[in-house]
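Residue numbering for the sequence shown is 65 to 260, as defined by the working numbering.
Where a beta carbon is used, it is the ideal one built from N, C-alpha and C, also for glycine.
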Amino acid sequence: MTSFWTGKRIRLRGIEPDDWTAFMRFAEEEAGTGNLPCPPRSAEHHRARAKEQAAALSDGDCFQLAIEALETGKIVGSVGSFHADPRSGWFEYGVVIDAGHRRSGYAAEAVQLLLRHMFEERRFHKCQARILAYNTASLALHQRLGFVEEGRLREHVYVSGRHQDLVVMGILAEEFARAHPSDGFPDGTAPARADT
65 MTSFWTGKRI RLRGIEPDDW TAFMRFAEEE AGTGNLPCPP RSAEHHRARA
115 KEQAAALSDG DCFQLAIEAL ETGKIVGSVG SFHADPRSGW FEYGVVIDAG
165 HRRSGYAAEA VQLLLRHMFE ERRFHKCQAR ILAYNTASLA LHQRLGFVEE
215 GRLREHVYVS GRHQDLVVMG ILAEEFARAH PSDGFPDGTA PARADT
């Protein structure tokens, strides 16, 4: 039986203490792109953060997972949900992919697995993503996944010495279900709809 958290190329799994080197690499890559305007962190910081994540209790709606390539068993990124509002039914999420593994379909598959969980299992109604306007690759990925631009916060984020626009994109549960039909659960049953 295939796990709910396993796709064709990747699986999502909990973060382990030994994953700290991968997360340090991701942070260094993000800093190199100008997307992470904070001071460099020590190796000890990344070790402690990975250990903390490995031991953290999930509240069910906010969590971070490692993205592992099935072919190699290596961590190629991370994905997680945050800022969840169960009462209103929306959440935000983020995804990071190692520079050497971008444009390989890992991000799209990881996001689909995460959204399927949040929409079908946790019964959220909407997912929102915030993307810097100059990140055309991320904007294109979200459009392919079915997200639509809901707004643009003009000159909202100060990055790399200038103010940048922040694009707010969203996808509703029914839009996701149409764009990415579920084959049901591994036992062959169909997922229950939140509106029944």
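Would you kindly check if the distance between the Cβ of His-206 and the Cβ of Ala-193 is under 7 angstroms?
With contacts defined by Cβ atoms closer than 7 angstroms, Ala-193 and His-206 form a contacting pair.
One question on the structure: do Gly-210 and Val-232 come within less than 7 angstroms of each other, judged by their Cβ atoms?
no
Here's a check: name, in chain order, each residue in its chain whose Cβ is nearer than 7 angstroms to the Cβ of Thr-253, leaving out the five neighbours to either side.
Residue placement at Thr-253 is flagged as unreliable, the pLDDT there being 40, under the threshold of 50; the coordinate-derived value follows with that caveat. Hits under 7 angstroms: none found.
Beta-carbon proximity list for Arg-110, same chain, < 8 angstroms, skipping 5 on both sides
The question names Arg, but residue 110 in the sequence shown is His. Trp-84, Thr-85, Phe-87, Met-88 and Ala-91.
Taking only three categories from DSSP, how would you classify Glu-156?
strand
Let me know if Glu-175 comes out buried or exposed under the rule of 16 or more other beta-carbons within 10 Å of its beta-carbon.
Looking at the sequence shown, residue 175 is not Glu but Val. Buried, because 16 or more other Cβ atoms sit within 10 Å of the Cβ of Val-175.
Whole-angstrom distance between Gly-153 and Ser-145, CA atom to CA atom
Distance between the alpha carbons of Ser-145 and Gly-153: 13 angstroms.
With a Cβ-Cβ cutoff of 7 angstroms, do His-147 and Glu-156 count as a contact?
yes
Suppose contacts are defined by Cβ-Cβ distances below 7 angstroms. Is Leu-177 in contact with Phe-240 by that definition?
no
Kindly indicate the opening and closing residues of the alpha helix (DSSP H) around Lys-115.
107 to 119
Can you tell me where the alpha helix (DSSP H) holding Tyr-198 begins and where it ends?
No alpha helix (DSSP H) holds Tyr-198; DSSP gives it neither H nor E.
Compare the C-alpha of Leu-217 against each of Ser-224, Lys-138 and Asp-229 and name the closest.
Asp-229
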